[in-house]
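K.L.:
Dumping the structure here so I can ask a few things about it.
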Amino acid sequence: MTRWKTGVGIVLTALMLFPVYWMVNISLTPADRMRTDPPDLVPLHPTFDGYRRVFAEQLPYLGTSLLVGLATVALTLAVAAPAAFALAKLRPRGTRVVNFALLIAQMVPGIIMALGFYGVYVNLGIVNQVWGLVIADSTIAVPFAVLILTAFMSGIPDELLQAAKIDGAGTLRAFRSIVLPVSRNGLVTAALFTFLWAWSDFVFASTLDGGGTLRPITLGIYKYIGNNNQEWNAIMATAVVASVPAAVLLIIAQRFVAAGVTAGAVKD
Amino acid sequence: MHALERAAPAQPADHDLPGGAKTARRSGPPRNLTAWAFLAPLVVYLLLFYVYPLYRNVDLSLRFYTVRSFIQGGAAFAGLDNYIAVFADPTFFRALGNTLVFTVVSLVFQYGLGLALAVFFDRHFPLSATLRALFLVPWLLPLIVSASTWAWMLNSESGVVNALLGAVGIDQVNWLTSPTWALTSVIIANVWIGVPFNLVILYSGLRAIPPEVHEAASLDGASGWQRFRSITFPLLRPVSAITLLLGLVYTLKVFDIIWIMTKGGPSGASTTLATWSYQLGFGSPVPRFGHGAAVGNLLIVLALVAGLVHIRLQSRREAR
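First to last, the protein sequences are chains F and Z. If you count the first sequence from 1, position 217 lands on 217 in my numbering, and the numbers rise without skipping. If you count the second sequence from 1, position 254 lands on 1254 in my numbering, and the numbers rise without skipping.
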């Protein structure tokens, strides 16, 4: 009874993942077979030329993306974790206003933030700086991170914090030694999504860091698309490499991913 | 579903606060002060990196900006001229219409396919968890990766889609280069990216329905379809509403996919408010920041209306 469902499920998954397969297939197709009709459905003559070019030309871009991703995670968590603690456990007057502001913030389209940031950065003379990009990228993640961390921290029993208080720990101490370690799963989820979004960002990169010396991998791909319309195996090889963080995330942290998606906040 | 509910603002009620509700009541301000000290980085952050850029954006839309005055300042106040110019531009109605079609059609298919898949995965079968996880892949990929993959798949001469269609006797379709198909093409890619999100949320919604409900119904002799129509679907309505509204807010924002696949073309056939705003501000040799910002602000209004409906719906749900 359930075996046919497994069969149907495999077929559906294969259909859904066909574009991913196709990306890998094209990344291995030699340039002279790129325009054969019909296209090779499997890489009959696999070549690693595309990947060779990625490693020859795109490593700096990949490095920048890694740097931007990690810095964005650090900034996002530094802002979000204390705030989430306050919203979940200290609940000062004005909690509702902050929550409301966060929900609204999530709805602002990235392109509008990009225009605004561009205006601000031009005036400050910090266009094309990698840390300017980090700040902009963090705006994609901060509201989500606060909301999901608040959700996790609300689950911490109040007794735990009261016990700490009785033992003489101040609020800051309780936050550092109890709340943060206990919320590890929440922090991991927030960090994973933040990294992924910063890594994937294209809007901010193209508007705020389009001419910088350190540019992220999304611009590396975009440059390929713009420059060499013919060399799709290099484009797709870069795409495959740029997808690695997503794949790793799915394999090692699937339960965090599901939790993050369901937390009601979503990427652009 | 837990997370979704827990993510909601906690009730600021009187139940045991870790600071000790009693001390708090006696010496109110200190507890508030500590709390706001923890919130301060966030508040400063929101003011600097959300409010200020958005203010700049409004300012941009109300002045005559050129590249020169953009850098040096001193642009003349324009009142609503930028907005009037935008409304008078024939691209405006095209972009608005495309935005609506793009959003509505994407939502219908994302939700429909997501729901069908969620129902399919609701009963466990061998490998179901693994396959469900694999369905998340399109949602996790960088948008530029998905968009460029689809762009090549839909390529007129060498794309695999036309090759497969050709195998069943359908003539070459110019997916990305003909005005008839460009919007459809970006919608297809966007649906592909959005289905996993709908699947995950609706699946968790289905899991939250107690199995006894189904058991009782099947004892009463209800068929699978009847059970779905008169039990599952109505019980899922609140989750559906939230899924659709979140989808609406996020689909209005879509920019990367369209820009990478078609740049809004050919001749505006797939231009939405988001891509038009970008094009006005960044995509042409003579940037028109004021117009771009005006379009962007109109888009914000659309997104906020959708967003406020969402917030209302969610708080009504929690009140229950």
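Beta carbons: idealized from backbone N, C-alpha and C, even for Gly.
#1: I'd like to know if the region 140 to 150 of chain F and the region 63 to 80 of chain F are in contact, where contact means that at least 3 CB-CB pairs between them fall below 8 Å.
#2: Just to make sure I have the definition right: I need the residues of chain F whose C-beta is within less than 7 Å of the C-beta of Thr1184 (chain Z). Which are they?
#3: Is the closest heavy atom of the ligand COA to the C-beta of Leu124 (chain F) under 7 Å?
#4: Can you list, in chain order, the residues of its chain with a C-beta nearer than 7 Å to that of Val98 (chain F)? Leave out the 5 residues immediately preceding and following it.
#5: Residues of chain F with CB closer than 7 Å to the CB of Met1261 (chain Z), please, in chain order.
#6: Short check: CB of Gly110 (chain F) to CB of Phe195 (chain F), under 8 Å?
#7: Per DSSP, which residues does Ile1063 (chain Z) bridge with? Please list them.
#8: State the CB to CB distance for the pair Phe100 (chain F) and Leu192 (chain F), rounded to an integer number of angstroms; the pair is presumed to be in contact (CB under 8 Å).
#9: Express the C-alpha separation of Asn1198 (chain Z) and Leu1113 (chain Z) in angstroms, rounding to a whole number.
#10: Going along the region 132 to 146 of chain F in order, which residues come within less than 7 Å of chain Z, judged by CB to CB distance?
#11: Could you tell me whether the Cβ of Pro1012 (chain Z) comes closer than 8 Å to any Cβ of chain F?
#12: Give the interface partners of Leu1165 (chain Z) over in chain F, defined as CB-CB distance under 8 Å, in chain order.
#13: Quick one: Cα of Asp1014 (chain Z) to Cα of Leu249 (chain F), how far?
#14: What number of angstroms, rounded off, separates the C-alpha of Thr189 (chain F) from the C-alpha of Gln1172 (chain Z)?
#15: Which residues in chain F have a C-beta closer than 7 Å to the C-beta of Asp1256 (chain Z)? List them in chain order.
#16: Spatial neighbours of Trp1150 (chain Z) within its chain, please: CB distance less than 7 Å, with the 5 preceding and 5 following residues excluded, ordered by chain position.
#17: For a contact defined as C-beta to C-beta under 7 Å, what are the partners of Gln254 (chain F) on chain Z?
#18: In or out: Ser1027 (chain Z) buried (at least 16 other Cβ within 10 Å) or exposed?
#19: State buried or exposed for Gly1205 (chain Z), treating a residue as buried only when at least 16 other CB atoms are found within 10 Å of its CB.
#20: When you compare the CB of Val1137 (chain Z) with every CB in chain F, is at least one pair closer than 8 Å?
#21: Decide if Pro92 (chain F) is buried, meaning its Cβ has at least 16 other Cβ atoms within 10 Å, or exposed.
#22: Please say whether Leu208 (chain F) and Tyr118 (chain F) have beta carbons closer to each other than 8 Å?
#23: Use the C-beta contact count for Arg1229 (chain Z): other C-beta atoms within 10 angstroms, 16 or more gives buried, fewer gives exposed.
#24: Quick one: Cα of Tyr1000 (chain Z) to Cα of Leu1244 (chain Z), how far?
#25: For the alpha helix (DSSP H) containing Met1153 (chain Z), name the first residue and the last one.
#26: For Glu1212 (chain Z) and Leu90 (chain F), I'd like the C-alpha separation in whole angstroms.
#27: When DSSP labels each residue in this structure, what does Val1200 (chain Z) get in the three-state scheme?
#28: I'd like to know whether the C-beta of Glu1215 (chain Z) is nearer than 8 Å to at least one C-beta of chain F.
#29: Pick out whichever of F:Leu115, F:Ile112, F:Ala56 and F:Asp137 has its Cα sitting closest to the Cα of Leu70 (chain F).
#30: Please confirm if the region 1266 to 1285 of chain Z is in contact with the region 1176 to 1190 of chain Z, defined as three or more CB-CB distances below 8 Å between the two stretches.
#31: Can you say whether Thr36 (chain F) is buried or exposed, counting buried as having 16 or more other CB atoms within 10 angstroms of its CB?
#32: Does the distance from the C-beta atom of Val240 (chain F) to that of Ser27 (chain F) stay below 8 Å?
#33: Note the first and the last residue of the continuous alpha helix (DSSP H) segment covering Ile126 (chain F).
#34: Tell me the rounded alpha-carbon separation between Gln1072 (chain Z) and Leu1141 (chain Z).
#35: Can you find the residues in the same chain that come closer than 7 Å, C-beta to C-beta, to Asn1174 (chain Z), ignoring five residues on each side of it along the sequence?
#36: For Val1249 (chain Z), which residues in the same chain have their Cβ closer than 7 Å to its Cβ, ignoring the five residues on either side in sequence?
P.N.:
Quick look at the numbers:
#1: yes
#2: Here the premise fails: no neighbours, minimum Cβ distance about 16 Å.
#3: With respect to the ligand COA, the structure shown offers nothing to examine, as it has no ligands at all.
#4: Leu87
#5: Chain F residues near Met1261 (chain Z): none, gap ~10 Å exceeds 7 Å.
#6: no
#7: The residue you asked about is not Ile; residue 1063 (chain Z) is Arg in the sequence shown. For Arg1063 (chain Z), which the question treats as bridged, DSSP gives the partners Z:Phe1077.
#8: Going by Cβ atoms, the distance from Phe100 (chain F) to Leu192 (chain F) rounds to 26 Å, so no, they are not a contact pair.
#9: 8 Å
#10: Ile135, Thr139, Val142 and Val146
#11: Any answer about Pro1012 (chain Z) is weak, because its pLDDT of 36 lies below 50 and its placement is not dependable; what the coordinates show is given next. Output row for Pro1012 (chain Z): interface = yes.
#12: The premise fails here: Leu1165 (chain Z) is roughly 11 Å from chain F at the closest Cβ pair, so nothing lies under 8 Å.
#13: For Asp1014 (chain Z), the pLDDT reaches just 37, beneath the cut-off of 50, and the residue's location in the model is therefore unreliable, although a value from the coordinates is still provided. Going from the Cα of Asp1014 (chain Z) to the Cα of Leu249 (chain F) covers about 40 Å.
#14: 45 Å
#15: Phe202 and Val203
#16: Ala1189 and Met1261
#17: Ala1133
#18: With a pLDDT of 45 at Ser1027 (chain Z), under the threshold of 50, the predicted position of this residue should be treated as unreliable, and no value is reported.
#19: buried
#20: yes
#21: buried
#22: yes
#23: exposed
#24: The structure shown does not extend to residue 1000 (chain Z), since chain Z is modelled only from 1001 through 1320, so no value can be given for it.
#25: Leu1143 to Met1153
#26: 39 Å
#27: helix
#28: no
#29: F:Asp137
#30: yes
#31: exposed
#32: yes
#33: That residue, Ile126 (chain F), is in no alpha helix (DSSP H); it is neither H nor E in DSSP.
#34: 40 Å
#35: Ser1156 and Trp1181
#36: Ala1303, Ala1306, Gly1307 and His1310
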